[in-house]
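**Q**
There are 2 protein chains.
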Amino acid sequence: MSPIKVGLLGLGVVGGGTWKVLTRNAEEIARRAGRRIEVSAIAVRDVEKARKLVGDQAQVCRDGFEVVRRPDIDIVVEIIGGDTLARELVMEAIARGKHVVTANKALLAKHGNEIFAAAHQKGVMVAFEAAVAGGIPIIKAIREGLTANRIQWLAGIINGTTNFILSEMRARGLSFNEVLAEAQRLGYAEADPTFDIEGVDAAHKLTLLASLAFGVPVQFDKAHIEGISSLAREDIVHAERLGYRIKLLGFTRRRNDGIELRVHPTLVPAERLLANVEGAMNAVLVSGDMVGPTLYYGQGAGELPTASAVVADLVDVTRLQTADPEHRVPYLAFQPDALDDTPILPIEEVRSSYYLRMRVLDRPGVLADIARILADVGISIGSMIQEPHGETEADIIFLTHEAREGDIDSALQRIGALAFVHSDVTRLRMEHLI
Amino acid sequence: MSPIKVGLLGLGVVGGGTWKVLTRNAEEIARRAGRRIEVSAIAVRDVEKARKLVGDQAQVCRDGFEVVRRPDIDIVVEIIGGDTLARELVMEAIARGKHVVTANKALLAKHGNEIFAAAHQKGVMVAFEAAVAGGIPIIKAIREGLTANRIQWLAGIINGTTNFILSEMRARGLSFNEVLAEAQRLGYAEADPTFDIEGVDAAHKLTLLASLAFGVPVQFDKAHIEGISSLAREDIVHAERLGYRIKLLGFTRRRNDGIELRVHPTLVPAERLLANVEGAMNAVLVSGDMVGPTLYYGQGAGELPTASAVVADLVDVTRLQTADPEHRVPYLAFQPDALDDTPILPIEEVRSSYYLRMRVLDRPGVLADIARILADVGISIGSMIQEPHGETEADIIFLTHEAREGDIDSALQRIGALAFVHSDVTRLRMEHLI
Ligand SMILES: NC(=O)c1ccc[n+]([C@@H]2O[C@H](COP(=O)([O-])OP(=O)(O)OC[C@H]3O[C@@H](n4cnc5c(N)ncnc54)[C@H](OP(=O)(O)O)[C@@H]3O)[C@@H](O)[C@H]2O)c1
Ligand SMILES: NC(=O)c1ccc[n+]([C@@H]2O[C@H](COP(=O)([O-])OP(=O)(O)OC[C@H]3O[C@@H](n4cnc5c(N)ncnc54)[C@H](OP(=O)(O)O)[C@@H]3O)[C@@H](O)[C@H]2O)c1
């Protein structure tokens, strides 16, 4: 089947990321989507710069409308940003019957109702997973995963810049201005950080989430917005003494008489998962009346995580354009004819770190002998504790570095045979995750 | 549009929950799905018991095949469990061109390849969100949300019973057998808990997740499985001293030479989010090469959370049967003509708890005067700390119980006007979440 054709409006952070994801994972994506996804045209201001990334593999032009009007383009991806030109381009794409994918929360928070109405009438999709919480599939979760629920409330850390600043203020006892300057140096905050630090970006996203959760039109102008720029270091300290952390939350709740829609610094009990979302990470907690609370966590911005969401939307549209409805999503995520035969490894071939505990005779040389056996099969020890047990014995616990399970097996067999080892060796595996 | 018709095979924990969710949230579900979802027939062993729940609103019979063969039924929901009768019923439903929704991980982990092949040939959907991690939309996340990624590895707490037992063993220093007995009393563990505590249930689920993540056929027989029944209390203590918690993880990873697929008690660094998933909760951490790590958390079992996933699958199938593909999922989750006009509340009408900080003259009576003003507008104080500032002043911090923002405003105005209050009042909101 011929590739589906995509036009990119913008090739900046998100656009460049989208290009990279589509290129690097072309194979894997086609195995899932059932068809290749090909970028045929790109609009940017600086054509030379764009050429450096994409070479001759796509048309590169200065005029977004040229891309939107190409009859062979099936999907237009708007990643220019802003709400003037972007709006015109999106409306034109819809008018021409193109599906639209966008990461532009400002555009949708302000003009979503108009855009969705036009798209509905034309029978095209407007997908915007990348507009909220970057790579976390939170829009899909609410729109499709929690459809059985009356959603009661939703709370999100949906701006990475402010969460990074708050995390640093707390961890290092710095003031807002000190951390902001550093965040700008590190690229975590824009040169003009107003939209982030004043809560506007979070409010754009929250506005979309509230509509998805409660089934109301997009109403950004009704959101209450407070940022973190006037937050005092001492309030973070007091809050911590009282058992709370301060987070910039987007919070929306359905009550009988209306909907609360608000972004502001918020004290959250320190033991909650949301309170422990640190640095530039994002997380959204959604409470449904049937499912209870569910939480979604991941990177909320950046080149590749945001592009991950853009491309997921492209796959969604592609799947619908490609298969009959019943085959829209393959049972096991990959097309049935694209499953592969990578073997499942036997347990001896698994690699892991290990926790090993054994009881031994407490006498010089014992530890050396055991360590020697481990070293013989190439297992290195990360840490060790030894605890006396009664008068003559001791428990020894090793944490190893990563090793092959089969090597652990043979070492443990030799260790178990030593006369001064008085117990079976307890072996547990250890994973450091992220 | 006429309702879509569903047949339930089983009306136990999950079946009863499905009935309740469809009944209680019928309105909300139709607003999202674009059509009512109606249970027309139910098969159970004990017809009388079933009648008590459903009355005359659906046919109730003893023979599952009778339900599967009813020509007017569009979707068959298999929630009987087991892999003999359930398999026959599912295959018969597929042969008759019905879409299938199931919560049965044992069935799919063993016979998934056969079932999916038959369904593909017949052009019917087989949806199984409820089979893994209950109400958490983890299958949708992997199958549709992370399609841009080569998934690298995945780690999950996907059995609530064992996570509850491990949490209690650690928190209360009890042995496995002590906690198991209690879990059985509380209904967190079955009378025969073998499948849970020996890791078999987690391995069924992990098998499905690995196929979704890596695009390989379902291969339950290759999974390495160790449970928690022989885990010693002292290893939990040693692990904690070393900075780790022990969790029963399902872990699967793609390497160049093959796939690791294993369920076993695992040491996880104590500061990781997964290490802090307590009690019967579930969580799955998925690492994609583009998006990085993402985490999904919620209730992994139980009547309503599991039914939430069953009904989400029903909505998915319904949406595809109802709309043209472009309108499959409404832009804002609810059908455009089903949006409603619930107002967004002005900030004065919002209810929250508050953190209030002010600098005051340090003299008797000051606290009483401020507390009086708060009490006058009905605001009660949860806790208070006072800190001397220099010789003559003090900082007072109040945490209030929930109050109306407008009442806080008027109290703060009066407090701000007091001569002995020397600063603006800093006001932050506080949410306890879950
Ligand atoms: N960055 C993130 O992490 C992130 C995350 C989520 C959502 N988003 C959203 O994604 C969108 C794009 O953000 P970004 O960070 O990728 O922005 P960016 O790096 O500034 O890129 C913007 C791109 O649009 C092009 N462009 C600007 N004006 C144009 C015009 N008049 N005609 C043609 N091309 C034009 C630019 O071309 P030149 O390169 O030639 O200047 C550039 O390629 C925004 O809506 C943003 O809110 C971003
Ligand atoms: N419980 C959970 O939290 C949970 C979570 C995720 C997935 N699941 C899965 O969901 C499935 C159902 O679990 P469950 O907990 O709901 O089981 P359950 O409470 O034991 O219910 C089983 C139902 O099937 C009916 N049934 C059994 N044999 C039958 C037969 N031969 N003909 C007709 N009906 C028959 C039973 O009828 P009677 O009522 O008349 O006996 C009962 O209504 C299982 O595959 C399980 O693994 C369960």
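Here the protein sequences line up with chains A and B, keeping their order. Under this note's numbering, the first sequence has 1370 at position 186, and the numbering climbs by one with no breaks. Under this note's numbering, the second sequence has 1264 at position 80, and the numbering climbs by one with no breaks. The C-beta atom is built at its ideal place from N, Cα and C for all residues, glycine as well. Since the structure is predicted, the reported quantities are computational estimates derived from the model, not experimental observations.
Compile a chain-ordered list of the residues in the stretch 1344-1374 of chain A whose CB is closer than 9 Å to at least one CB of chain B.
**A** Answer in chain order: no residues at all.
**Q** Going by alpha carbons, who is nearest to R1216 (chain A) out of B:V1400, B:L1192, B:N1466 and B:A1227?
**A** B:V1400
**Q** Could you check whether V1402 (chain B) and G1296 (chain B) sit closer than 8 Å to each other, using their CB atoms as the reference points?
**A** yes
**Q** Am I right that A1454 (chain B) and R1429 (chain B) are in contact with their C-beta atoms under 8 Å? What's the rounded C-beta distance?
**A** 5 Å
**Q** Going by Cα to Cα distance, which pick from B:P1255, B:D1230 and B:E1571 is closest to G1191 (chain B)?
**A** B:P1255
**Q** Are G1484 (chain B) and G1265 (chain B) close, meaning C-beta to C-beta below 8 Å?
**A** no
**Q** First and last residue of the alpha helix (DSSP H) that includes I1349 (chain A)?
**A** G1344 to R1356
**Q** Report yes or no: is there a C-beta of chain A within less than 8 Å of the C-beta of N1333 (chain B)?
**A** yes
**Q** Out of curiosity, what's the CA-to-CA distance linking W1337 (chain B) and Q1505 (chain B)?
**A** 34 Å
**Q** Kindly say whether H1511 (chain B), judged by its beta-carbon, lies nearer than 8 Å to any beta-carbon of chain A.
**A** yes
**Q** Please compile the residues from chain B whose C-beta is within a distance smaller than 8 Å of the C-beta of G1482 (chain A).
**A** V1475, G1476, P1477, T1478 and L1479, listed in chain order.
**Q** Got a sec, what are the start and stop residues for the beta strand (DSSP E) G1434 (chain B) sits in?
**A** Y1428 to R1439
**Q** To which residues of the same chain is V1363 (chain B) closer than 7 Å at the C-beta, ignoring the five residues directly before and after it?
**A** I1349, E1352 and M1353
**Q** Tell me whether I1618 (chain B) sits in a helix, a strand or coil according to DSSP, three-state version.
**A** The three-state reading of DSSP puts I1618 (chain B) in coil, since its state is none of H, G, I, E or B.
**Q** Rank A:V1550, A:I1443 and A:I1569 by C-alpha distance to the C-alpha of H1606 (chain A) and give the top, closest one.
**A** Ranking A:V1550, A:I1443 and A:I1569 by Cα distance to H1606 (chain A) puts A:V1550 first.
**Q** Below 8 Å on the Cβ atoms is my contact criterion, and I expect P1477 (chain B) with I1618 (chain A) to pass it. Report the Cβ-Cβ distance as a whole number of Å.
**A** 5 Å
**Q** Cβ atoms of A1290 (chain A) and V1284 (chain A): under 8 Å apart, would you say?
**A** no
**Q** How far does the alpha helix (DSSP H) with G1248 (chain B) in it reach, from first residue to last?
**A** G1248 to R1253
**Q** From the DSSP output, which residues share a beta bridge with M1465 (chain A)?
**A** A:Q1483
**Q** From what residue to what residue does the beta strand (DSSP E) around S1225 (chain B) run?
**A** In the sequence on display, residue 1225 (chain B) carries Ala and not Ser. That run of the beta strand (DSSP E) goes I1221 to A1227.
**Q** Answer yes or no: does any C-beta atom of chain B fall closer than 8 Å to that of T1286 (chain A)?
**A** T1286 (chain A) does not count as touching chain B.
**Q** Could you work out which residue in A:V1308, A:V1513 and A:R1588 is closest to E1532 (chain A) when comparing CA atoms only?
**A** A:R1588
**Q** In three-state DSSP terms, what is R1613 (chain A)?
**A** strand
**Q** Examine ligand 2 and report whether any of its heavy atoms sits within less than 7 Å of the Cβ of I1257 (chain B).
**A** The closest heavy atom of ligand 2 lies 7 Å or more from the beta carbon of I1257 (chain B).
**Q** Output yes if chain B places a C-beta closer than 8 Å to the C-beta of S1492 (chain A); else output no.
**A** So, interface residue.
**Q** Does I1367 (chain A) pass the burial test, meaning 16 or more other C-beta atoms within 10 Å, or should it be called exposed?
**A** Checking the displayed sequence, the identity of residue 1367 (chain A) turns out to be Ala instead of Ile. With 16 or more neighbouring CB atoms inside 10 Å of its own CB, A1367 (chain A) falls in the buried class.
**Q** So if DSSP puts P1449 (chain A) in a beta bridge, which residue, or which two residues, is it bridged to?
**A** As computed with DSSP, P1449 (chain A) is found in a beta bridge with A:L1432.
**Q** To the nearest angstrom, how far is it from the Cα of D1247 (chain A) to the Cα of K1282 (chain A)?
**A** 17 Å
**Q** Against chain A, with Cβ distances strictly below 8 Å, would G1600 (chain B) count as a contact?
**A** no
**Q** Using a beta-carbon distance below 8 Å, is T1526 (chain A) in contact with chain B?
**A** yes
**Q** For S1564 (chain A), which residues from the same chain have a beta carbon less than 6 Å from its beta carbon, with the 5 sequence-adjacent residues on both sides left out?
**A** H1585
**Q** Mark K1431 (chain A) as exposed unless 16 or more other C-beta atoms lie within 10 angstroms of its C-beta, in which case mark it buried.
**A** buried
**Q** If we count Cβ pairs, one from each stretch, closer than 8 Å, do we get three or more for the stretch 1434-1449 of chain A versus the stretch 1526-1544 of chain B?
**A** yes
**Q** What is the rounded straight-line gap between the Cα of A1394 (chain B) and the Cα of L1426 (chain A)?
**A** 43 Å
**Q** In the structure shown, what three-state DSSP assignment does P1477 (chain B) receive?
**A** strand
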